[in-house]
Every structure is written in structure tokens, then in C-alpha cells.
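Just below is one structure, and these are the notes that go with it.
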Amino acid sequence: MSGVEIASAIALAQATKELLKDLNVLSEQLKPFNPDIKSFRIDYLGRNSEVKYLLLIPNGIRRQLKRKVEIPAITGFRFYEMWDLDKLEIVNSPWAFNGEKWVLDVTKLPSSEKYSLTVKGRISKEFLEQLVSVKAAENPSRQEEKDFYWIHSALTNAEAFRKIWTELNVEQVNANVRIGVERMFTSTIPEGIKEKLELQQKLLGAIASGNRDEEQRLKIKYRTMKGKLAPSELSDLFMRLASGDFFADYVTVEQPYVMNAIEPIKEIGTVVPEKVKVGVQTDLTYKNPTAKGNLCFLRHKYSLAVSEKVKEVLPKRRS
Amino acid sequence: MELLDKEMNSSEAQTIFTSEYIAPWALPKEEIPVHLIWKPTMRFDHIQILLTPDMTVKEFYNVDQFERLNSEIKIRKLFTPNFFGFVVSTIEQIKQSHEQREITVNFITDGKIQHSRTFTANIYRPELSIIEKPDVIVLKDNSKLDELVTISLGLSGFGRMEITTELEIGGKFEPNVEPLFQEMTRRLTTTFRSDISSLEKKNKIKINPEFVKKTTQAFIESIRKGEVPLTMNSADVADFKEWIQDDSNQEKIVKVVSEHLENILIESLLYYFDRYPTEGVALSGGSPSVIIKSAVEDLKLRFKYRDSLRNEYEPVLVEIAVKDSRTRNRDKELKIPVNIKWVHRQINPTPLEVKC
């Protein structure tokens, strides 16, 4: 093992240990109710963990307890929801947090015996990165009118959890694919637009440098130019075309992946988005510890749609 | 016999292995995930991974204990019994446009190979080459400079490339500077000594203030790093640098920048059009021009290029002899644009069975 491998393995072991310690504390605190963990889920995207307990609160135990049960908030978990499993209905806020402790008001509980309790906790980004590995193709393979990107996700180490639960769900495991769109915009801009921009550039340059003759000459040319264009309109249009609303129609992803958020990526100092970041997600479990698939970008169809939109916005008549 | 082995290999795979994967293509040094899932009934003592010496494992999936022995890895213990995987990559760049590397995974019981899978990693790189260039250009009094130099560059291999053009100036190759920042410098250096009231003007267009802020920050950062050449006398350069780094001038800088944003936007859009001259290519600094100062100089251009993972490849050099047949103004400095024709010969890896 190299130094890095050892360090990351230790980091994961440490983080897992912390999490398990917290869960043990919680189970210990819930002991009067015979807690039984039914499921453990990790929401990768939301960076949450969620534990569902089955609790048994028979009348005998209820009598033994005082009116209130207090659980010190040392674990970082919050008590999220409680269901009455006998009547199959949600119990209206029996748990309250007073800044230091979670307090269960036993008198608020109905007479049922079986309850389901959901607690939620935060999970660090580093921990998730150690638990799950996500890879996607850097460059696409082009097949006719489509671009393909491979995607792969895997659980790297779920053993620590397996010792305690028979089920583990790591949900919404996100993978980002970066699709280059720069050329789509460049190639759809008619040559005339470039010339107009160049003329505007020269004119503004002449004004700035105080070259009166040149300024007059270019002003005449500029005034007679048909279909003037505000450069900001063009960059706004490009941003719109790279937004999730528009772009989503031109990407598909194979199962078991589903589409997630789409957003343009713009480098600092440029006005046009060069790439679009497409998020895809899947769930990983003990039974399905890996996921593989392809993201497909309908390049040709998108390029046609971009051309259409550019035509709509650009001035009709040429100079 | 070999065919029989292969058939056995695949039919065996169907029965024992329930899922297998290797990423179908990658750039040099790109991370390639590999996995195998098998039926829980399969028994083995340990797993052996055999790699070529130029490959390395960067990550393991579901591996508890392992040993590295040169290009062999011995997996002694898994966390859960019927699944394992790893991430490999090449250590160095590759020479050919497409090269393959074999990765063998053996399941060993009592010192014998019980089951074996061989994966093929397909590694691709982009490649730039000169297809055609003039050996000599002749400068005449009536030469149309825009049409004087045309070279054809070939794009082959696989993957996007970022090309930086460098011109030889005084025996040294200097990169073309990003015009957006060049323009901003020009504007700022001419106004930095004037007071703020003289800069009051109406802004005709609305610009996202966040954009102004970010652009300005990036710009100031590049001046600090000395990435933007300042064409002023040296006393002014020192003053200017001090001025631009003084936080109390921030407001003024942002003002100048936002005031000229219309122009800067035009500059940036034009730059952008130049930056992506053809599919799969980003040209740093836009289209190149060469400046010829005297007739004895040859024209020298260098195209440096790298892939999306910033792997740099051997640059392409272009040298063109210049013959000066001008009868007038022979001392005049000439800026000659270099026209580039792009010849696409790229290859595309075949994806595994795709359903979209």
C-alpha cells in the first residue's frame, strides 16, 4: 500500500468508526424501546444518512418510563419522523429538541405498540468520496449524430455497514459528465455577425483612441449598417441555450442512471459557456454494488436547434 | 486451440461471472474502472491482477488486503465475497494514436488458476501534424497579406485538444496573449492616472455584476502573476502594478472595466469565435499572426498541444522561408495572419452495447 492509499483507507475507517459509534450511542439511548434497525440509507447528493428503527413501546414499558424520555444530542442525528405502525399514521411531533437534548413526550404517543422512527444525520463529502467511486469519460466517442460518454459507479467499501445491517442503500449517487458545446455556438454564427462585431470593435477603438477621422468614417459605416446587434444579446442567448431547461431535451442516459441537474460551465474571463455539466444519478446497494451505462448527447439535433434559435434572435437583414 | 480457449473463456464467463466491465476507452493517464461480479458459489484462495509495467492501479473496490509485486497485484481478502473492482491508468503518455493494454484477472485455488478474465484497455490520444505548408513565401509590393500564408494541420487520433500557438521572437517562443485581457490592460493603463469623475459615462448595456467582478478578479490576478505583458515604460509599469493591487482602487477598476464592457464583450465574443476554429480544437490566443521585422528573418511558428487531461505532446514546428521582393518600404514591419486549414482524420472508439 502506498502512503496515499493507507491515508485514505484510514480516513474511511475512521469516518466509518465515528458513524458507527454515533449509531451505537443512539441505539443504546433507545434501548428501553427495543430498537431494531430496519434500514440504513445514504443520500449521496443530499449528503444525508437516514436510519429507520422499529421501536416497541408496550404499555408495560410506558408505565415504567417517566412522562418524558430525554436523549442527549451527542450524535448529530436529528429525530425526523415517527410512524404509528399499528394504525399506519404519522405521530404528530412527539420529539422535541431543546438545544441540548431530544425529548420524547410519552403522553403524546397513542396507545399503539409498534412504531417506526426515522433519524437523519449529515455525512461529510470526504466520507462519501471514500465510500463510493464515480468515473465518467473525459472525451466522448462520436457515432454518427450522437456523442457517447461512459459512466461507472461502485461501492468501494461497504463492509463496515454489512456487519450491522443486511441492507444498505446509497441513493442518488451522482456522476457529472462535461459536454463541450463551444463549437456548437461558434459554427452557427453567420459570418456577417462576426463582421458587424468587428466593425463595432473598431469604432469603439477609434472613439477611445481619439482618432477623429477614423471615428467619423466608421460611424458612417456603422449608421448605414442594417440589423445592429447588442453583443450582450448574443451572450445571453448562448447562456440560455446551455441552460438545463433547453439542454435537457438533447441528452439521454441509459438505465440504471437517471438524469439530474444540468448547468452551464463558464470559464472566468469568457462570456460564452464552453461546457455543460450534466449530472446523472443512480442507487448502489449490497446487491448492486456497481452501475454502468452511457450518456448520450444528441449532438446533431442540438446543433440544429441552436441554429434555429440563433436565427430567431439575429437581425433578419444583412448589411 | 486458441479459438477453443477463447470460446471456453466466454462461456465460462457467462456461467460464473454475472457482471463485468472495463471502461471502453480512455486517454493516457485517464482513470479506467474495471469490475467483476461472480456467483456466490465460486471459491478461490486469492485473486491475481497482472498488468503491463506502464499501468498502475489507483483505486480498489471492495478490497481489504492486497500486495503489490511489481506489475502483479495479489488480492488476499475482499470485504464482501462476490464482487471486486479497481481503477487503472497508464503511467505515461502513449506514442501511437491507439494502443491496447491487457489486464488479466486470475482466481487462484491451491496455486492453480481456476478462473481467468482478460480485459483490454483501449487508450487513445489526439495527434496534430502538418499536412501542407509553403516552403517559401514571397513578399511583393502588392502582396495581399491576408492570403499570404496558409498551412494545413491534420487532426488525428482521438479526443479534444487545446493548441497554443507560439511565435519565435528573438530566438525565443512567446505565447499569444488572450486578447480580452490585452484589451482590458490597454484601457486600464490609459486611464489609471485620471481621476474617477472623468470616467462618469452612461452604461448602455446591462451586465451581470458577478461577471464584472469575476472577470476583473481574474484579470488582476494575471497582472500580478505577470501573465499580461504591459507595454509601458518601466516606471509606469511599477506604478500601475501597485495601483491595480491597491484594494482602494478596486471600485475604479471595476468602473473602468464595466464601462468598457460593451467593447470588452465584443472583444470576448470575437475571441471566442477565433478560439474554436474547428470541431475538437481550442486555440489559445485565437488565430495566430506573425510579425516580420526584417527580410532576413524566417517565419517560425510552434504549435504546442495537450489533451483534456493536460497531457502535453511533442509540439509541431512550422518554418517557412521568407523572400522579400519588395521594392518600397522594405523596413516596414509586417503583421501577417496565418490561415489554418484543418484536416479531420479522427478515430472514434466503439462504445459497448448502447441503449440510448
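Taken in sequence, the protein lines are chains A and B.
Take -5 as the starting number for the first sequence in our numbering and just add one per residue.
Take 10 as the starting number for the second sequence in our numbering and just add one per residue.
Beta carbons: idealized from backbone N, C-alpha and C, even for Gly.
From this set, the options, which residue's C-alpha is nearest residue i's C-alpha?
i      : options                        : result
B/T24  : B/I46, B/L292, B/S257          : B/I46
A/E257 : A/V274, A/Q249, A/I201, A/P250 : A/V274
B/E177 : B/L310, B/P33, B/Q105          : B/L310
A/S147 : A/E138, A/V164, A/L48          : A/V164
B/T129 : B/K153, B/T61, B/S231          : B/T61
A/T112 : A/S135, A/V175, A/K81, A/D30   : A/D30
B/S298 : B/S125, B/V43, B/T173          : B/T173
A/E209 : A/L197, A/Y216, A/A236         : A/L197
A/R271 : A/K286, A/Y244, A/K188, A/S297 : Inspection of the sequence shows that residue 271 of chain A is occupied by Lys rather than by Arg. When each option's Cα is compared against that of A/K271, the closest is A/Y244.
A/R61  : A/I68, A/F27, A/K102           : A/K102
A/E22  : A/V266, A/L49, A/V85, A/M219   : A/L49
A/T180 : B/A32, B/E328, B/G289          : B/G289
B/I349 : B/V43, B/P143, B/T127          : B/P143
A/I259 : A/K269, A/P250, A/Y251         : A/K269
B/T99  : B/L78, B/L36, B/S28            : B/L36
Using the beta-carbon count (16 or more within 10 Å), is residue i buried or exposed?
i      : result
A/F91  : exposed
B/L274 : buried
A/P52  : exposed
B/V145 : exposed
A/Q8   : exposed
A/L191 : buried
A/G93  : exposed
B/D316 : buried
A/S87  : exposed
A/P66  : exposed
B/S277 : buried
A/G174 : buried
A/E12  : exposed
A/Q124 : buried
A/Q194 : buried
B/S334 : exposed
B/N71  : buried
A/R293 : buried
A/A236 : buried
B/T50  : exposed
With DSSP collapsed to three states, give me the class of residue i.
i      : result
A/Y38  : coil
B/E101 : coil
B/S334 : coil
B/Q57  : strand
B/W231 : Position check: residue 231 of chain B holds Ser in this sequence, whereas Trp was assumed. Note: B/S231 maps to helix in three-state DSSP.
A/G186 : helix
B/E342 : coil
B/Q226 : helix
A/V266 : coil
A/N170 : strand
A/R312 : Reliability fails at A/R312, whose pLDDT of 45 lies under 50, so the model's placement of it is uncertain and the value that follows must be treated cautiously. Note: A/R312 maps to coil in three-state DSSP.
A/N163 : strand
To the nearest angstrom, report how far apart residue i and residue j are at their CA atoms.
i      : j      : result
B/K149 : B/D63  : 54 Å
B/T287 : A/K140 : 18 Å
A/N254 : A/F34  : 23 Å
A/V304 : A/K95  : 60 Å
B/E175 : B/S296 : 11 Å
A/T150 : A/T284 : 9 Å
B/N91  : B/K48  : 6 Å
A/A242 : A/E107 : 48 Å
A/G238 : A/C290 : 15 Å
B/D256 : B/S231 : 16 Å
B/P141 : B/L162 : It should be noted that the sequence gives Glu, not Pro, for residue 141 of chain B. One C-alpha to the other measures close to 7 Å.
B/R337 : B/R169 : 45 Å
A/S135 : B/D155 : 36 Å
B/R319 : B/L137 : 15 Å
B/A291 : A/E176 : 9 Å
B/V352 : B/P324 : 17 Å
A/E302 : B/N131 : 38 Å
A/Y109 : A/K46  : 10 Å
B/Q355 : B/F116 : 39 Å
B/L157 : B/D248 : 41 Å
Closer than 6 Å by C-beta to residue i: which residues in its own chain qualify, once you throw out the five before and the five after it? Chain order, please.
i      : result
B/V97  : I41, M64, V66
A/I104 : As written in the sequence, residue 104 of chain A is Pro, which differs from the Ile given in the question. Here the set comprises D78.
A/E64  : K95, V97
B/F69  : F95
What does a CB cutoff of less than 7 Å around residue i pick up in its chain, not counting 5 residues either side in sequence?
i      : result
A/R116 : R41, N42, G70
A/V307 : E227, L231
Looking only at its chain, what residues have a beta carbon closer than 8 Å to the beta carbon of residue i, apart from the 5 residues adjacent to it on each side?
i      : result
A/V126 : Y38, S147, A148, L149, T150, V164, V167, L278
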